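In what follows, a structure is listed as structure tokens, so that the remarks can point back to it.
Residue numbers (the working numbering), protein chains in the order written: chain E, 1 to 78; chain G, 1 to 317.
Okay, here's the thing in structure tokens:
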């Protein structure tokens, strides 16, 4: 599974990455995490609010920092 | 009710003597803190419920077909209910432009959305009363509408980075449907989120305000920032630019300063500058527009705020 963090490098985007990484490590999820900061790349996902998280290219959350349980839910852990 | 509780805490629990300055400040702090937090919880919850009906995708769809004037008015109104955070300024801007929303209309939104937000309104209502809060909404809307029209007239398309126009919209937006239960939990999460972010600033703001209320002599500031001082308004706007994220803490402080002689127009101008002109947002916008356009944007909005400040200094005695 590929997790993409979309964000222009603001505080909220870094926080989002931190939370996703934490959940992935804590639950031994086999996933590759990448961060996209280039705005023209971000726009290809057709979102209007950052931070956003996409899983295998599909946007699952946009416009807020997800909580740990939200991340777990989108990774299919709970 | 709250007054009773604040009195009880001050005089019975803390056993502070009536009529002492310390008792006054403590009483003021307890009363304001409870009042403001009650208002914050209730109103943010209601606003985020309304907000759940207006994700940016829907706002964009509403604005896409509109021309000048109607578009500027609508964009400013929608700016109030569409969620906005300065870290989303860039994707939002591109999203609007690629959908064919005129530049001037987009700018109206960019001014109104951060300036007229529920936190600022609650703080104004709680600390200054509903008349000042309404004045703030009204003049904020006018500034957003006019700034957008002015920028639209200036034909600034050449100051936007090329790639913005090359980005193509995917076509019809998919706006996920929400049940009422979804909306309630969205509103609950949103309210908690905002409260988590601002509560320390609110407490510090009210605390400093209470201190000023109790210890700074009446009319102490009138000499420096009274109605007859022409430089007070522009200076207030300039001071407001770097204070963006602390709007929640700044308003109780300003309320206390107003009590000590700062003119009300000057205070309003200061709060508008705090919310509408944000240094971090300008830095982020550099990715999509030339510095010259950011300067025009900031200049037009600042001019509007300064005029509003002078106007209220003349009208409100």
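Glycine included, every Cβ here is placed at the ideal spot set by N, Cα and C. Given the structure is predicted, the values throughout are model-derived calculations rather than measurements.
Checking the DSSP bridge columns, you'll see residue 30 of chain E has no partner listed. Along the region 271-299 of chain G, the alpha helix (DSSP H) occurs as fully enclosed runs of 4 or more residues at 279-285, listed in sequence order. Judged by their CB atoms, residue 45 of chain E and residue 59 of chain E are nearer to each other than the 7 angstroms cut-off. Residues of the region 68-93 of chain G whose Cβ lies closer than 8 angstroms to any Cβ of chain E, in chain order: 83, 85, 86, 87, 88, 90, 91, 92.
Among the residues of chain E, those whose CB is under 8 angstroms from the CB of residue 284 of chain G are 8, 10, following chain order. Residue burial is scored here from C-beta neighbours: residue 149 of chain G has at least 16 other C-beta atoms within 10 angstroms and is therefore classed as buried. In the DSSP assignment, residue 150 of chain G falls within the alpha helix (DSSP H) that extends over 130-153. Counting only the Cα atoms, residue 155 of chain G lies some 42 angstroms from residue 199 of chain G. In this structure the region 206-226 of chain G does not touch the region 7-18 of chain G; the number of beta carbon pairs closer than 8 angstroms is below three. The beta carbons of residue 144 of chain G and residue 111 of chain G sit closer together than 7 angstroms.
At a cut-off of 7 angstroms between beta carbons, residue 200 of chain G makes no contact with chain E. Within 10 angstroms of the beta-carbon of residue 166 of chain G lie fewer than 16 other beta-carbons, which makes it exposed. By the Cβ criterion, the region 25-36 of chain G is not in contact with the region 180-196 of chain G, since fewer than three pairs of Cβ atoms, one from each stretch, lie closer than 8 angstroms. For the region 99-122 of chain G, no residue has a beta-carbon sitting nearer than 8 angstroms to a beta-carbon of chain E.
Around residue 274 of chain G, the same chain offers 240, 243, 244, 247, 250 as residues with beta carbons nearer than 7 angstroms, after the five sequence neighbours per side are excluded. In the DSSP assignment, residue 20 of chain G falls outside any beta strand (DSSP E), carrying neither H nor E. Between the region 254-270 of chain G and the region 92-106 of chain G there are fewer than three inter-stretch CB-CB distances shorter than 8 angstroms, so the stretches are not counted as touching.
Out of G:52, G:131, G:109, G:277, the CA that lies nearest to the CA of residue 181 of chain G is found in G:52. The DSSP-derived three-state label of residue 52 of chain E is strand.
Proximity of residue 5 of chain E to chain G, defined by a Cβ-Cβ separation below 7 angstroms, is not satisfied. Of the candidates E:33, E:6, E:18, E:57, the residue whose Cα lies closest to the Cα of residue 68 of chain E is E:18. In chain order, 48 make up the part of chain E whose C-beta sits under 7 angstroms from the C-beta of residue 95 of chain G. In this structure, the CA atom of residue 109 of chain G is about 5 angstroms from the CA atom of residue 75 of chain G. Residue 113 of chain G sits away from residue 93 of chain G, with the two beta carbons spaced by 7 angstroms or more. Under DSSP, residue 62 of chain E shares a beta bridge with E:52. Between residue 287 of chain G and chain E, the shortest Cβ-Cβ separation is below 7 angstroms.
In the three-state reduction of the DSSP assignment, residue 35 of chain E falls in the strand class. Within the region 18-47 of chain E, the residues whose Cβ lies closer than 7 angstroms to any Cβ of chain G are, in chain order, 39, 40, 42, 43, 46, 47. Considering only beta carbons, no part of the region 2-34 of chain G lies closer than 7 angstroms to chain E. Nearest CB-CB separation between residue 167 of chain G and chain E: below the 7 angstroms threshold. For residue 6 of chain E, the enclosing beta strand (DSSP E) starts and ends at 2-6. A Cβ-Cβ contact shorter than 7 angstroms links residue 86 of chain G with residue 278 of chain G. Counted as a single uninterrupted DSSP element, the alpha helix (DSSP H) harbouring residue 251 of chain G occupies residues 247-259.
Bridge partners of residue 160 of chain G according to DSSP: G:289. If you draw a straight line from the Cα of residue 82 of chain G to the Cα of residue 22 of chain G, it is about 42 angstroms long. Residue 264 of chain G is a Cβ neighbour of residue 316 of chain G, given a cutoff of 7 angstroms.
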